[in-house]
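Have a look at the structure below before the remarks.
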Amino acid sequence: MVFSGRPSTACHACRPARRKCDRAPEGCSQCRRKGHPCPGYPDPTALRMRNETTRVTLKQETKSKAPSRHRTPPRQESGSSSPLSSLQEISSPTSIQSFNSFSSVASFLPKSLSLDQQAISFLFNTFIAATPFEGYLSSFYVPYTPLDDACAWAIDATALAAYARHSRRQSCQEEARTKYAGALTRVNAALADPDAALQDRTLTAVLVLGLFEATMFQVGSTPTSWIAHTWGAMELLMLRGSRQFTSPVARQLFAHTSNNVKATCIQRSIPIPEPFLQFDTAVRGLLDGHDPAVRLANLLHKVSAIKARSREEERGVALLFEAIEVDQEIVELCKAPPPTLAYTQKPLADGPVWTFRRIVHTYPSLRLVKMWNAVRLLRIFLLSFLGNDIQHFKVDDSIADAETLRGLMDYARKNMAEVAADVLATVPSFVHANDSTKTFLPAGRCLGWPLGILEVSTICPPDARVYARKTLEWLAEDLNLPQAIGPGRHPGTQEDWLHLFHLG
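Per our numbering, the very first residue in the sequence shown carries number 1222; after that it's consecutive.
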């Protein structure tokens, strides 16, 4: 599907007659002059898309007769190879065969489109799939937007950044940075205006600037700008107060911002700021109680508190048991999810040979896959804390006996194996496969965070660690994300930025 402009914003009577419509809120003047009621206006946020996939694919097939080289996805080997030999494969440059992605989205975009149009098409059709932006961002990018609008500038800059990453075009990246500078200036001007600062467009612009930072992030730096945008969005939420829950879009903005704040706190092992925690608790009742994000709110708070306390020098075994209690709460939630969150597990060993232990889960949507992996990430954090922290406690009858500590470690390893298998079973959901090629969809970048943690976990099964590493290598090549396997990343530290893949 490719972008082919936006529909006319004239009313349903003026559009077929090709009359100039003034789009007056109470009904256009053309209809009023003709003496009949105005039938209303089309949705200005709808992007028109034209399906060019078949035509362009056929064209590419006739032009290219040479066979392409393909990368083989990580495959579970049969036989009795030892876990040690599997782990040694991580450092072998020949452990994964070369792979070229199938025809990229960029090749499906007609050359007649400008660079900006190609970038916007890629952003709305592909890049924001499975992210919270998918539910509302198009409503803020409309034909009659003022040329100086901060939100539109932020969207344009992020579209160029995403397209630069995808198409590997340096010139596009430079233009994205230039556009970002302009967007930043306009956002700051909007924040300085007391009225503009409270508008949905301003909060959206700040969130989109965060997406830009997540997209352009480079190895060797820290996510300072991302954190600044996240904290800025948090301050805007509190400034807007309860009045922001008057529309579905405003509620989506609240949920999106709130989750970003909490995920950042969990990743950095810092407490959720108390003023925001109090505000979030006070307004939670204004949201849809059936929303999974609402149901997970208390669990997010508990996990964040445990991770923050895990950084304290003085901590007791009681914190380990508290982590198990919260983990069991999550397990109970997973055992009886509402029908809207249901997914299917294929029969054991029934998946393709390249999947982990041939285990595959199928989900109704990529958004649902990502939501479930977010829940599993909470368990990964808790189980990792258990496994890593037990070694800090000496065997002392006044603290915990050796048998208790062994039981805690067994619990952590057993459950981590189950969670790891569930995460790795979602990999096929983010892979486009046909007879000869397999390549990651752009939404697959959200796997970077859980895979990066599993790869280095000391309580994760060796074969799962190997598969996580190989999948990260595959992901890095397909989506042009070398930082996913770069030496500059340090999963689990305060400056780790793999969470940007998940939140962006």
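Think of the CB as a built atom: it goes at the ideal place given N, C-alpha and C, for glycine as much as any other residue.
Treat the numbers as computed from the prediction; the structure is a model and nothing was measured.
Query, Result
"Complete alpha helix (DSSP H) runs within the region 1463 to 1542 (minimum length 4 residues, chain order)", "1469 to 1489, 1495 to 1504, 1513 to 1530"
"Close beta carbons around methionine 1630, own chain, < 7 Å, minus the five adjacent residues each side", "Gly1608, Ile1611"
"Cβ distance (whole Å) where valine 1429 is taken to contact serine 1360 below 8 Å", "Not confirmed; about 13 Å, so no contact."
"Touching by the beta-carbon criterion (3+ pairs, under 8 Å), the region 1400 to 1411 and the region 1459 to 1477", "no"
"Which of helix, strand or coil DSSP assigns to phenylalanine 1661", "strand"
"Under 7 Å between C-beta atoms of methionine 1455 and valine 1427", "no"
"Where the beta strand (DSSP E) through valine 1363 begins and ends", "Here valine 1363 belongs to no beta strand (DSSP E), and DSSP marks it neither H nor E."
"First through last residue of the alpha helix (DSSP H) which encompasses valine 1687", "1683 to 1699"
"Whether threonine 1230 touches proline 1364 by CB criterion (7 Å)", "yes"
"Bounding residues of the beta strand (DSSP E) (the contiguous stretch that carries histidine 1450)", "Counting along the chain, histidine 1450 falls outside any beta strand (DSSP E), though it belongs to the alpha helix (DSSP H) covering 1445 to 1461."
"Contacting residues, own chain, Cβ-Cβ under 7 Å from tyrosine 1362 (five flanking each side not counted)", "Ala1373, Ile1376"
"Spatial distance of proline 1559 from threonine 1399 (CA atoms)", "46 Å"
"Arginine 1627 versus Ile1680, Arg1244, Ala1518, Asp1571, residue with shortest Cα-Cα distance", "Ile1680"
"Segment contact flag, the region 1661 to 1668 with the region 1688 to 1699, C-beta cutoff 8 Å, min 3 pairs", "yes"
"Burial state of alanine 1646, where buried means 16 or more other Cβ atoms lie within 10 Å", "buried"
"Cβ distance (whole Å) where threonine 1485 is taken to contact isoleucine 1448 below 8 Å", "7 Å"
"The region 1593 to 1604 / the region 1637 to 1652 touching (three or more Cβ pairs under 8 Å)", "yes"
"Terminal residues of the alpha helix (DSSP H) in which histidine 1653 lies", "Careful: histidine 1653 lies outside any alpha helix (DSSP H), inside the beta strand (DSSP E) at 1652 to 1654."
"Nearest candidate by alpha-carbon position, reference histidine 1582, set Gln1566, Pro1573, Lys1591", "Gln1566"
"C-alpha gap between isoleucine 1706 and arginine 1634, whole angstroms", "25 Å"
"With 16 other Cβ atoms within 10 Å as the buried cut-off, status of alanine 1413", "exposed"
"Straight-line gap, threonine 1660 to lysine 1691 (C-alpha atoms, nearest Å)", "14 Å"
"Neighbourhood of glutamate 1198 by C-beta, 6 Å cutoff - its chain only, sequence neighbours within 5 removed", "Outside the shown range of the chain (1222 to 1725) lies residue 1198, about which nothing can therefore be said."
"Which of helix, strand or coil DSSP assigns to threonine 1565", "strand"
"Within 7 Å, strictly: CB atoms of threonine 1383 and glutamine 1394", "Residue 1383 is actually alanine in this sequence, not threonine. Not a contact, by the Cβ cut-off of 7 Å."
"Selected residue, minimal CA-CA separation from arginine 1244, among Cys1252, Ala1238, Gln1339", "Cys1252"
"Under 7 Å between C-beta atoms of alanine 1689 and leucine 1672", "yes"
"Residue interval of the alpha helix (DSSP H) (run including lysine 1255)", "1250 to 1255"
"Histidine 1582, DSSP secondary structure in three states", "strand"
"C-alpha gap between phenylalanine 1497 and alanine 1402, whole angstroms", "29 Å"
"Buried versus exposed call for glutamate 1396 [16 or more other C-beta atoms within 10 Å across all chains shown]", "buried"
"Simplified DSSP state of histidine 1233, which is helix, strand or coil", "coil"
"Cβ separation of leucine 1419 and phenylalanine 1466, assumed to be a contact under 8 Å, to the nearest whole Å", "The pair is not a contact, with the Cβ atoms about 13 Å apart (cut-off 8 Å)."
"Whole-Å CB distance - serine 1678 paired with serine 1605, under 8 Å assumed", "6 Å"
"For tyrosine 1401, three-class secondary structure by DSSP", "helix"
"Environment of glutamate 1676 [buried if 16+ CB atoms lie within 10 Å]", "buried"
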